[in-house]
Every structure is written in C-alpha cells, then in structure tokens.
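Chains as they are written, first to last, in our numbering: chain A, -2 to 492; chain B, 998 to 1321.
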Amino acid sequence: MSKLVLSVKGITKDFPGVRALKGVDFDLNEGEIHALCGENGAGKSTLMHILAGVFKQDVGEILLNGEKVSIANQKNANELGISIVYQERSLVGSLNVAENIFAARQPVGAFSVIKWKKLYDDTTELLLKLGIHIDPKAIVDQFSPAMQQMIEIAKALSLNPQVLILDEPTATITEKEVGLLFSLLRKLKEQGTAIIYISHRLAEIFQIADRVTVFKDGEHIATEEVINIDNEWIVNKMVGRELYFNRVEKLSHDEIILECIGLNSSKFKDINFKVGKGEIVSFAGLAGAGRTEVMRGLFGADKVSSGEVFINGKKVRIRHVNDAIKNGIGYLPEDRKDHGLFLEMAVSTNIASASLKKLSKGMNIDNKLINKTSETYRKKLNIITPSIHQKVVNLSGGNQQKVVLAKWLVVNPKIMIVDEPTRGVDIGAKAEIYQILRELTKEGTSIIVVSSDLPEVLAISDRIYIMHNGEIKGELSGDEATEQLVMKYASGIMN
Amino acid sequence: MINKAEKKSSFLSFISTQRALALFILITIISLLFSFVFPTTFGTFSNFSIILLNMSSEIMIVIAITIVLIQGEIDLSLGSNMVLGAILCGRLMIVNDLPMIFAIIISLIVCMACGFINGLIVAKLNVVSFIGTLATGMIFLGFAVILSGTGWTDFPDKLFKALGQTKIMGIQMPVIYMIVALIIFAFLVSSTRYFRQYYYIGANQKAAKLSGINISKVKITTFVIAGCLAGIGGIITAMRFNTAIPNVGAGVELRAVTAAVIGGVSFAGGSGTVAGAAMGALFIAVLSNALTIAKLPPDLQPSITGVILITAIIIDIIVTKKNK
C-alpha cells in the first residue's frame, strides 16, 4: 500500500444558485496518477480550484500527509506543495523560458536584482530532469503549443510539488505530442509525484492513469482501479442519470436544404453533413471538440481553408458573415452576452438589430414598425419584460435568449444555427425554447443545434452528429441515440 | 524530444524583437547620411548636443509611460503632472520663499500623491486607466493653472538655473540627467524581479495573480513612480528654461506613447524595454532635426511621425502573425 498524500473529505461548495460540490471525497497516493472524470459542470474544476487556493470550501476538510490544512490562496497552495497547470496558458510570450518558469520567483540578490546565471542554471537543471531539451534563453513565443504546455508543466514543477494537478493538459496539443507529455508524466510518477489528471478523453485515462474517480452533478460517484474497469464503466458512471425532457414530436424531411462537403480548417477536418428542410440536427460532443468552430466557419465568421457548401442544391461561397445572411443562414452564438446582444439597449432595439433594412422606410428607421414587430415577438415567444423598451440587461437569462431568438426570427432565415441555446437558462425557459425551435421547423426553417447538454440533444434532435477532436465521429438518428452511445463517440472510444 | 524553437531570423522579425538595436542601427545610418550631405549644419557636435537637449525634457515622461504601458495601463495625466511639478516648485520658491531643496522635495511628493490617486482609481476602483487618467489629468492641470498665475520665472536661488543651464564639456545638464535616468531605469526594468513583475501583469493579469503577484499594489506603485518621474521632468524643464509655465506639458504624454511604441513597447502590455523606448525617442528627435536642416516644411513633420508609428505597428503585427 503506497502512502496517502492528499485526502479530501466531505467538501461542499456553493455558488449563488448552484451547489457545485455536494460533500465529495477524493484520495491521492504518492506516485499515483489519479484521473478525474465527469461531464461539463460535474464539479471537477471547482474541486481543483479549491485545492489550488482560488476558492475556499464551505464545508469539509483537506488533509495533506495526514495533517489538516487550510489553503488560503495560490501562494499558500504552492508552499504546501500543490501545483496546478490550468487549461488556459499562463505564459508571457515576450519573455524567455527561464523567466516564465520562475515567474515572479526569479532568484535575486540585493535590491531584487535578478541573478541571471543562477536563474539559467536552475532552469537548465529543471529542464534536464524533465527531459525537455530547450534553451532557457529562448523566447516563449517561438514554441509550438505542445512545447508551451511542457513549459507550463515545468513551471508548475519548479515549485517541487508533492501534488501536481493537470487540467485538460492535452486539449490544445496534437496526438503525437501527447506521447511526449505522457513520458514526462511517467517519469514524474517514478519520482514519487502524485498527479491528478483531468481529461475528457477517456482513451488517455487507460493509457496513463492508475485510478479513476467519476464526479457527476457535484457528487462523487465512484473510484476504481483502472485495470478493473473499461470504457463502458466510466461512460455509464458519467451519464447515469434520467432524462428529464420528453421528446418533442418529429417530422419527416426528405428535401435537403444544406449540404457541406469536406470542410477543413485549422480547427476541424473533413466535415460532411446534411440538413433537411424543417429538420433539427444537433452537433454533440465535449467542450473543445470543434463544433462551434465548424458553425462559425459555415457562417463565415472564421476562415475555412477548403470544402463546399450547397444550399438548396446550389453551390454557394460564404466568405463573410454577410454572405451567410444573404444565403439565409442565421446564427445564435454560444456566448449571447458577448456576441448576440446589446445588453445596454432596449429589447426592441435588439430585436431589430439584424434587420434594420427591412424595418426602414427609405433612409429612415421606422420606429413604429420596429415597435409593432417587437411587440408581436414578445407575445409570440412569451418574453417576460415590463415593456419592449426595457434594457436587455435587466432580463433573466432565459428571456435574454428569447430576445436573441426573436432577433433572428425577424430576419427569417432558412437555416438557423443555435449554439448552446439553453446554457444558463432555467428549466422552465428551456422547455419553452425547445417548443419555439420546434414551432420554427413547422414553418420550414431548418435548425442546427450545438449543445453539450446531452438530455437536451436527445430531446430535440431529429438527427445527431457527434464530434471529437475536430472530426465528425458518428451520426445517429434521434430515435436510436442514447446518452451512452453519444458519449462513446464524443470521447473518441468509438469511430 | 522535438525542439521547435526554429530561429525566425528574418529581417522583419529582427526589427521586431531587437527593436532597440534595430533603431540604433537605423539612427546611425540616418545620421551618417545627413552628416555627409550637411557636414556643416547636421554633422556637428553642437547639433547633436542640441538634439539630445531637445529630447531630454520629455524623456522622463517616455520612461514613465513605458513602465505603465508594459503592465497594460496608460497614464494620460503625465503631462499635467509634469506641469504641476514645475509650477508648484516655482511658486514655493518665489511666493513662499522656500529654499530650493525643500521646494523640489515638496513638489515631488505632490506629484507622487497625484500618481497615487491615479493608482487607486485604476487598481482599486477598476476604472479603465485611459478614462481615469484623462480625468485626473484635467484636474491636475486645473490646479497647476491656478497655482501658476502668469507663470514663474527668475527664481531667487541662482543654483536652480545653473542646474539646468550649466554645460559640462559642451553638454548641458539636462542631457546628463536624461542619461542617468535612462541607465537607472533600463537596469531596473531589465534586471530586477520587482520590475519584471510588470511583464507578467501586462501579458496576463489572471495568470500573474495566480503566480502570487499583488497586482493592485504593484500597479499603484507604478503610477506613483510615473508621477514622480513626471515631476522630475517638469522641474528639469523649469531649470533649463528658468521658467515654469502651464503650456509646456501639452500633448507630451501622447508624444511619449509614440516614442515608446516606435521603440517596441506594446500598447496591449507585456512587452517592450526602456532601451527600446529611448531609441524610439532618439529616432524621432534625430529625424525631426534632420528634416528641419534639410529645409523640409515643418508642417510635414507630424505626418512623417505618423507614418513611422503606423509602420512600426504594422511590422509588429506581421511578425506576430507569422509566429502563430
């Protein structure tokens, strides 16, 4: 039995409106790689942030080497021997490797003058130990994403941690480079470092981890030795919940309205799909699978390097958002606050914002028509607001989302892309939004949904494409799809 | 292990990454060229000492704006603060009969207090520094104008004038102050851990915080240092002209931004050096002097500076894109 390094007992953490963690336990041994799995929002990141000193738990305790510790902040976590490598980069591109690894901790003499020789010597020694052969004086900007990830890890390891936490370390690097990372992790493991490894990619867990723990909806579901389990086990534990939405009715759609053939870009490859008239097609997958990127490419918001798009059987070229709108494509972005709404403006102004031409008389904006149109959609979509002149920022999330929908309904697109239509929306409004989407299809609009919410995908889709790592890995009809099946494609187990 | 540090040794990338050196080479070339064409007017020792003297009054602001820009902020009140320092110092000596040394110390304390206010507004109240310091700049300038009367001149302590106008081996004092300040700050920013923190803050504030940097404290300190530099700049200008009037600071902060950005300081924060910014300032000074001597219409100079500024930025953008 190896030595227990870190033990988390009964941790609960509340955020306004959500209980992110509900009394979870977690153990970590010396020289162990312990994988932590769960869907988006399962509570993995919250626990890591607590261990790193970013948040403080409301209830529960953390034992390090058998002693109870209180982690006040990141610095404190580092002193206790806990280092974390976040998903986001923390490097300064204009500085060199050594100054990034020893960020704000460069060895100094009197008057905080940096001892450059010692800095470079320490860095060289550290890199040598990790088997990373780069020049400590090289500017970080020059390196590939994978090498930058290595530098991030070296930075975390420069603190000599007992516990190293890696949050989705392979999200931004290629498969070839993953091998590099794994050999480094194995080396660290031999040296006794305890590692918590968070990943959406199940295949990786079987390659590298000793044990795996699954979280779901803020609860600890199970912990098991990797040799005793298989993919099936993890997937079942991750999604083992009941569907809470009834399937909405489906229509048949023989007429193909949109067809994409061989779309490629730096973010996705060889994307082929079809959408029928009045069909709801979902793109499922895990965060970072490339779904949003495909949609942005289709909509002309990002560059697509090759591929063909046919609308109503006619080849179209979409090089700019305007081309997409002209061809009848509408896009409800994932982040409605950043990309979809003018928060400080009135509901009516927002609703009119994409169709000003339609709502104008000659050169002048027709305010009467705008108000009339807005009023119509307020009733139709049941937007709860005291008046259409209310600022959007004062509306609830669900009603904000309806305003964005209304904006596009005025445009009346043939094809509507909705990206995470119900993120941050309460359950009541969710059901309403599903109903609105379905109503739209009856009028002949086709809808493409990008969603990470599996029950949602299963509830509203006529067909589902599942993406993993920038590629479409599977296609399921709404009837044959189950959470388990979708999850298998999404985590790259099934091709 | 794969080593992907391909050395991007293209010409543009050299200009971008070794900005100080690249500008120095360019300045040397221009100087040699003009010295050859105008040997009696441009290529003389006295002309070069004039170039440096003209540059010296605003170099403190260039240094101040550089350290503020590196950490991703801006200080538009520096010109006003500079004026306030000069006028307060003059008033204290003439109206209040304070000895020079006390007048200088009090003025600098006031300038640092102004910087402290800027720091609080930016770091504690989270006001965008562009607006925050735009507002405080107006306030500081207002006070300076009230304190100035018709302006101050003929200061009682003759040493004050001497500190600005004495020449050592043909070099006027402000040039020496400039060189000293540049050496000190180039060293501090390139070689001390405290000042290196600015780069982490400027490049990625969240990450800097997670590296254990106390961001608001560092930011406030920087604005205080910047305020002090502005005050020093103002007082040196008063010494040099033996006068303190409110209009010497007009537009100086934007000229300083121009010099710093030409010198490779990023407006977005996280990169740049004091040496680069100094070279940027020298480049502008040499060029404007050369163009005057070449009898180019002076009205053309702003446009030429603008073209140089936008060229410098475009080069940076091209190089950044290439690296991605």
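Beta carbons are placed, not taken as given, at the ideal position from N, Cα and C, and that holds for glycine. Quick caveat: nothing in here was measured; it's all calculated off a predicted structure.
Check                                                                                                                                                                   : Outcome
Let me make sure I understand the geometry here. Which of A/Lys0, A/Ile308, A/Val278, A/Val94 has the alpha-carbon closest to that of A/Val137?                         : A/Val94
Can you name the residues of chain B whose CB is closer than 7 Å to the CB of A/Asn108?                                                                                 : Reading the sequence as shown, one finds Phe at residue 108 of chain A and not Asn. Simply Thr1189.
Just to confirm the assignment, what range does the beta strand (DSSP E) spanning A/Asn368 have?                                                                        : No beta strand (DSSP E) contains A/Asn368, which is instead part of the alpha helix (DSSP H) from 364 to 378.
Give the single residue among A/Gly285, A/Lys115, A/Gly20 whose Cα lies nearest to the Cα of A/Glu85.                                                                   : A/Gly285
Any Cβ of chain B within less than 8 Å of the Cβ of A/Gln103?                                                                                                           : yes
Buried or exposed: which applies to A/Leu199, given that a residue is buried once 16 or more other Cβ atoms fall within 10 Å of its Cβ?                                 : buried
Pairing CB atoms from the region 1240 to 1254 of chain B with CB atoms from the region 1053 to 1060 of chain B, are three or more of them under 8 Å?                    : yes
Of all the residues that make up the region 1263 to 1287 of chain B, which are near chain A by a beta-carbon distance shorter than 7 Å?                                 : Gly1267, Ser1268
What residue range does the beta strand (DSSP E) around A/Ser465 cover?                                                                                                 : A quick correction: the sequence has His, not Ser, at residue 465 of chain A. Where A/His465 is concerned, the enclosing beta strand (DSSP E) stretches over 460 to 465.
Can you tell me where the alpha helix (DSSP H) holding A/Lys152 begins and where it ends?                                                                               : 142 to 154
Compute the distance between the beta-carbons of A/Asn26 and A/Ser(-1), then report whether it is under 8 Å.                                                            : yes
Using 8 Å as the threshold, is the C-beta distance between A/Phe307 and A/Gly287 below it?                                                                              : no
When burial is assigned at 16 or more other CB atoms within 10 Å of the CB, is A/Glu149 buried or exposed?                                                              : buried
Is the region 1034 to 1045 of chain B touching the region 1187 to 1197 of chain B in the sense that three or more CB pairs, one from each, lie closer than 8 Å?         : no
Entirely within the region 224 to 304 of chain A and at least 3 residues each: give me those beta strand (DSSP E) ranges in chain order.                                : 253 to 261, 268 to 273, 277 to 282
At a Cβ threshold of 8 Å, is B/Met998 touching chain A?                                                                                                                 : Per-residue confidence for B/Met998 stands at a pLDDT of 36, beneath the threshold of 50, marking its modelled position as unreliable; no derived number is given.
What's the C-alpha gap between B/Glu1204 and B/Gly1082?                                                                                                                 : In the sequence as displayed, the identity of residue 1204 of chain B is Ala instead of Glu. Cα to Cα, the separation comes out at about 36 Å.
Take the Cβ of B/Leu1029 as the centre, count every other Cβ of all protein chains shown within 10 Å, and call the residue buried at 16 or more, exposed below.         : exposed
So what does DSSP say about B/Val1125, is it helix, strand or coil?                                                                                                     : coil
Of all Cβ atoms in chain B, is any one closer than 8 Å to the Cβ of A/Ser91?                                                                                            : yes
Between A/Val483 and A/Arg435, what straight-line distance do the alpha-carbon atoms span, to the nearest angstrom?                                                     : 22 Å
Pull up the distance between the alpha-carbon of A/Glu239 and that of A/Val209, whole angstroms please.                                                                 : Per-residue confidence for A/Glu239 stands at a pLDDT of 42, beneath the threshold of 50, marking its modelled position as unreliable; the derived number appears in the next sentence. Those two C-alpha atoms are separated by around 23 Å.
Roughly how many angstroms separate the alpha carbons of B/Gln1068 and B/Phe1264, rounded to a whole number?                                                            : 9 Å
Would you mind reading off the limits of the beta strand (DSSP E) that contains A/Ser384?                                                                               : That residue, A/Ser384, is in no beta strand (DSSP E); it is neither H nor E in DSSP.
How far does the beta strand (DSSP E) with A/His31 in it reach, from first residue to last?                                                                             : 30 to 34
Identify every residue that forms a DSSP beta bridge with A/Arg208.                                                                                                     : A/His31, A/Glu222
Measuring straight from C-alpha to C-alpha, what distance separates B/Leu1050 and B/Ile1301?                                                                            : 22 Å
Grab me the residues of A/Ala219's own chain with a C-beta within less than 6 Å of its C-beta, minus the 5 sequence neighbours each way, in chain order.                : Val211, Lys234
Just to confirm the assignment, what range does the beta strand (DSSP E) spanning A/Ile131 have?                                                                        : Note, A/Ile131: premise wrong, no beta strand (DSSP E); not H, not E.
Kindly indicate if chain A contains any beta-carbon less than 8 Å away from that of B/Phe1008.                                                                          : no
Indicate whether at least one CB of chain B lies closer than 8 Å to the CB of A/Ile412.                                                                                 : no
Using CA atoms only, rank isn't needed, just tell me which of B/Leu1075, B/Leu1131, B/Phe1140 is closest to B/Arg1088.                                                  : B/Phe1140
Go ahead and label B/Ile1229 buried or exposed: buried means 16 or more other beta carbons lie within 10 angstroms of its beta carbon, across all protein chains shown. : buried
Quick one: give me the first and last residue of the alpha helix (DSSP H) that B/Met1236 is part of.                                                                    : 1212 to 1238
So with Cβ pairs under 8 Å, would you call B/Ile1210 a contact of chain A?                                                                                              : yes
Of the residues B/Leu1226, B/Val1107, B/Gly1129, which one's Cα is nearest the Cα of B/Ser1053?                                                                         : B/Leu1226
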